[in-house]
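Residue numbering for the sequence shown follows the UniProt record's numbering, beginning at 1 and increasing consecutively. No residue lacks a Cβ here, since even glycine has one placed at the ideal position from N, Cα and C. Before any comments, here is the structure.
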Amino acid sequence: MRQIWKSFRALYFASLMMLIGSGLLSTYLALRLAADNVDSLWVGALMAANYFGLVLGGKIGHRLIARVGHIRAYATCAGIVGAAVLGHGLIDWLPAWIVLRMIVGLGMMCQYMVIESWLNEQADAKQRGVVFSGYMIASYLGLVLGQLILVMHPHLGLELLMLVALCFALCLVPVAMTRRIHPAPLHPAPMEPRFFIKRVPQSLSTVLGAGLIVGSFYGLAPLYASQQGLTTEQVGLFMGSCIFAGLLVQWPLGWLSDRYDRALLIRCFALCLAITALPLAIMAQVPLEVLFVTGFFCSLVQFCLYPLAVAFSNDHVEGDRRVSLTAMLLVTYGIGASVGPLLAGVVMKLFGSQMLYAFFSLCALILVWRIRPKAVTNLHQVDDAPLHHVAMPDSMSSSPLVAALDPRVDEQVVQEQMQVSVPDPEPEPATDEPANEEPQEHPDPDEHPHDLSRARP
């Protein structure tokens, strides 16, 4: 573990700073609009724009990295994200904020792709699970620390936007200062949506439901807590405790997932979420202690759905399709996370802030109805199922390249499907002249950053 920390601490620090900034920005914008008495629909639209940008970045990031290389792509996106963050303080027009929020999501997805490419390049095949666990911890910890900044600095001034921009500036330092050769560029695998809709429909339904719930939580839970009368410090503590619950539950969830039927677990957790969220959905005003305890337990359950769905789907998909499966699951999650805040924002505007948890309960009940363990035929179950459960973040703090770090995906399959192939040179016509054996000059890595991408550091 010490060697892994030493090897990956720069990338973990970059991820930590990115997620501190992202977590703080989401809560700050929700509280800022709540203080200005802006409709919840606008708050939901901002979070929906962020997730839409993340999904869009998954398509654009590959082209940018292939064009200019990893370090330049990362530096470009960090600069654009920092400028977009500060733009929120310069412009008060809400439609412009939606555009800026989409730019932030797009740029962050490109940054995730660079970090995950580097982690995959440097991680040994036997260490991918541990390396990914460290990446997950850094992601969740960054989101928690972003909320706790509000406890130390409760004033919703422009200073918080400066702190967010500061985080995105600092996340640039370890990547820009690296002396390592650029990792091999990876290209997106085909998603094959028709195949997966037919093969793993219940897993996709769970992922979509998890996106609806978790996307609405990150975007609208700060607004809900504020309308319950909580101060800025208390909102930060509430959000921090809820996100920490998501980190805390991952290890016991893995123990359960490896020992019990995963479809049954999904249905049980969805039912628990529907019941746990019910008090907050019914009560217009909730006592502070009840709000913190109930919100904590709701988060314990809601953050279980996505990792369980990923594990369940991998049990029924062959190894050579798991790269495509990962991309399909992330896109499905992103669609849910884009739509969820809009739907929840509408019902909160029409019927009150408590409708956020009513929305959670309704989505969970739909999953209880949709997930039927008896309908699982196990016709396509892989021989080594159930595969080992892997704890993973489900707040779109990862890119489709995360498949390269998932130990359930064979590394050789990753290289075959996602590695950018270098075309073989065409054979020259045979001549009687002797071949030119003069040594060629080494290319400048700054001019051709991905010419050396096949080499390991």
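Discussion item. Going by beta-carbon coordinates alone, are Gly240 and Gln147 separated by less than 7 angstroms?
Written reply: For this step, residue 240 is matched to residue 240 along the sequence shown. For this step, residue 147 is matched to residue 147 along the sequence shown. Yes, these two residues count as a Cβ contact at 7 angstroms.
Worksheet item: Taking just the CA atoms, how far does Gly58 sit from Asp106?
Response: One-based indexing of the sequence shown puts residue 106 at position 106. One-based indexing of the sequence shown puts residue 58 at position 58. Here the sequence assigns Leu to residue 106, which means Asp is not the residue at that position. So the two alpha carbons sit approximately 8 angstroms from each other.
Practice prompt. Using three-state DSSP, classify Glu159 as helix, strand or coil.
Written response: Position 159 of the sequence shown, counting from 1, holds the residue named residue 159. In the structure shown, Glu159 sits in a helix (DSSP, three-state: H, G or I).
Worksheet item: How many angstroms separate the CA atom of Ala138 from the CA atom of Tyr12?
Response: For the purposes of this step, residue 138 is taken as the residue at position 138 of the sequence shown. For the purposes of this step, residue 12 is taken as the residue at position 12 of the sequence shown. Answer to the nearest angstrom: the Cα atoms are 6 angstroms apart.
Worksheet item: Taking all protein chains shown into account, do 16 or more other C-beta atoms lie within 10 angstroms of the C-beta of Ile91, making it buried, or fewer, making it exposed?
Response: Walking along the sequence shown from the start, residue 91 turns up at place 91. Under this definition Ile91 is an exposed residue.
Fill in: Three-state secondary structure (DSSP) of Trp251
Looking up residue 251 in the sequence shown gives position 251. If DSSP states are grouped into helix, strand and coil, Trp251 belongs with the helices.
Item to complete: Figure out for me which residue from Val99, Val68, Leu56 and Val131 has the closest Cα to the Cα of Met392.
Response: Counting from 1 along the sequence shown, the entry for residue 392 is found at position 392. The shortest C-alpha separation from Met392 is found at Val131.
Worksheet item: For Trp118, which three-state DSSP category applies?
Response: On the sequence shown, residue 118 is found 118 positions in, with the first residue counted as 1. Three-state result, Trp118: helix.
Fill in: Cα-Cα separation, Ala277 to Leu365
Position 277 of the sequence shown holds residue 277. Position 365 of the sequence shown holds residue 365. Between Ala277 and Leu365, the C-alpha separation is close to 11 angstroms.
Practice prompt. Let me know the secondary structure DSSP gives Ile91 once reduced to three states.
Written response: Indexing the sequence shown from 1 puts residue 91 at position 91. It is coil, neither helix nor strand.
Discussion item. Measuring only the C-alpha atoms, how far is Asp39 from Ala83?
Written reply: Taking the first residue of the sequence shown as position 1, residue 39 is located at position 39. Taking the first residue of the sequence shown as position 1, residue 83 is located at position 83. So the two alpha carbons sit approximately 26 angstroms from each other.
Item to complete: Assign Asn37 to buried or exposed, taking buried as 16 or more other Cβ atoms, counted over all protein chains shown, within 10 Å of its Cβ.
Response: As a working note, residue 37 is residue 37 in the sequence shown. By the neighbour-count rule (16 or more Cβ atoms within 10 Å), Asn37 is not buried but exposed.
Fill in: Residue range of the alpha helix (DSSP H) that includes Tyr140
Position 140 of the sequence shown, counting from 1, holds the residue named residue 140. Arg128 to Met152 is the span of the alpha helix (DSSP H), which, as asked, contains Tyr140.
Item to complete: Keeping to the same chain, check which residues put their C-beta closer than 8 angstroms to that of Leu405; ignore five residues upstream and five downstream.
Response: Reading the sequence shown from its first residue, position 405 is the one you call residue 405. Counting only Cβ-Cβ distances below 8 angstroms, and skipping sequence neighbours, we find Glu116, Leu119, Asn120, Ala123, Arg128, Val131, Phe132 and Tyr135.
Worksheet item: Can you give the beta carbon distance from Val200 to Arg322, rounded, assuming they're within the 8 angstroms contact cut?
Response: For the purposes of this step, residue 200 is identified with residue 200 of the sequence shown, where counting begins at 1. For the purposes of this step, residue 322 is identified with residue 322 of the sequence shown, where counting begins at 1. Going by Cβ atoms, the distance from Val200 to Arg322 rounds to 11 angstroms, so no, they are not a contact pair.
Worksheet entry | Assigned exposure category for Leu67 - 16 Cβ within 10 Å defines buried | Taking the first residue of the sequence shown as position 1, residue 67 is located at position 67. Residue identity check: residue 67 is Arg in the sequence provided, not Leu. The residue is exposed, with fewer than 16 neighbouring Cβ atoms inside 10 Å.
Worksheet item: Going by the CB atoms, is the gap between Leu264 and Cys363 shorter than 7 angstroms?
Response: By one-based count along the sequence shown, residue 363 stands at place 363. By one-based count along the sequence shown, residue 264 stands at place 264. Going by C-beta atoms, Cys363 is not nearer than 7 angstroms to Leu264.
Worksheet item: When you compare only the Cα positions, how much space is there between Leu230 and Leu350?
Response: Translated into the one-based positions of the sequence shown, residue 230 becomes position 230. Translated into the one-based positions of the sequence shown, residue 350 becomes position 350. Roughly 21 angstroms between the two C-alpha positions.
Practice prompt. Leaving out five residues on either side along the sequence, give the residues of the same chain with a beta carbon under 6 angstroms from the beta carbon of Ala358.
Written response: Walking along the sequence shown from the start, residue 358 turns up at place 358. Cβ within range, chain order: Ala281.
Worksheet entry | Reference Met152, options Gln412, Gln234, Tyr74 and Val104, closest by Cα | Within the sequence shown, residue 152 is the residue found at index 152, counting from 1. Ranking the options by Cα distance to Met152, first place goes to Gln234.
Worksheet item: Exposed or buried, Ala284, counting other C-beta atoms within 10 Å across all chains shown (16 or more means buried)?
Response: Walking along the sequence shown from the start, residue 284 turns up at place 284. Exposed, because fewer than 16 other Cβ atoms sit within 10 Å of the Cβ of Ala284.
Discussion item. Tell me the DSSP secondary structure of His389 in three-state form.
Written reply: Position 389 of the sequence shown, counted from the start, is the residue given in the question as residue 389. In this structure, His389 counts as coil in the three-state DSSP scheme.
Fill in: Uninterrupted alpha helix (DSSP H) stretches inside the segment 306 to 368 (no shorter than 4 residues)
322 to 351
Worksheet entry | Cβ pair Leu342, Ala30 closer than 7 angstroms | To locate residue 342, count along the sequence shown from 1; it is residue 342. To locate residue 30, count along the sequence shown from 1; it is residue 30. No. Outside cutoff.
Worksheet item: Helix, strand or coil: how does DSSP classify Pro427 here?
Response: The residue given as residue 427 occupies position 427 in the sequence shown. With a pLDDT of 47 at Pro427, under the threshold of 50, the predicted position of this residue should be treated as unreliable, though the coordinate-derived value follows. If DSSP states are grouped into helix, strand and coil, Pro427 belongs with coil.
Discussion item. Please classify Thr232 as buried or exposed, where buried requires at least 16 neighbouring CB atoms within 10 angstroms.
Written reply: Counting from 1 along the sequence shown, the entry for residue 232 is found at position 232. Burial call: buried.
Worksheet item: Do you know offhand how far Leu25's Cα is from Ile243's?
Response: The residue you call residue 25 lines up with position 25 of the sequence shown. The residue you call residue 243 lines up with position 243 of the sequence shown. The straight-line gap from Cα to Cα measures roughly 15 angstroms.
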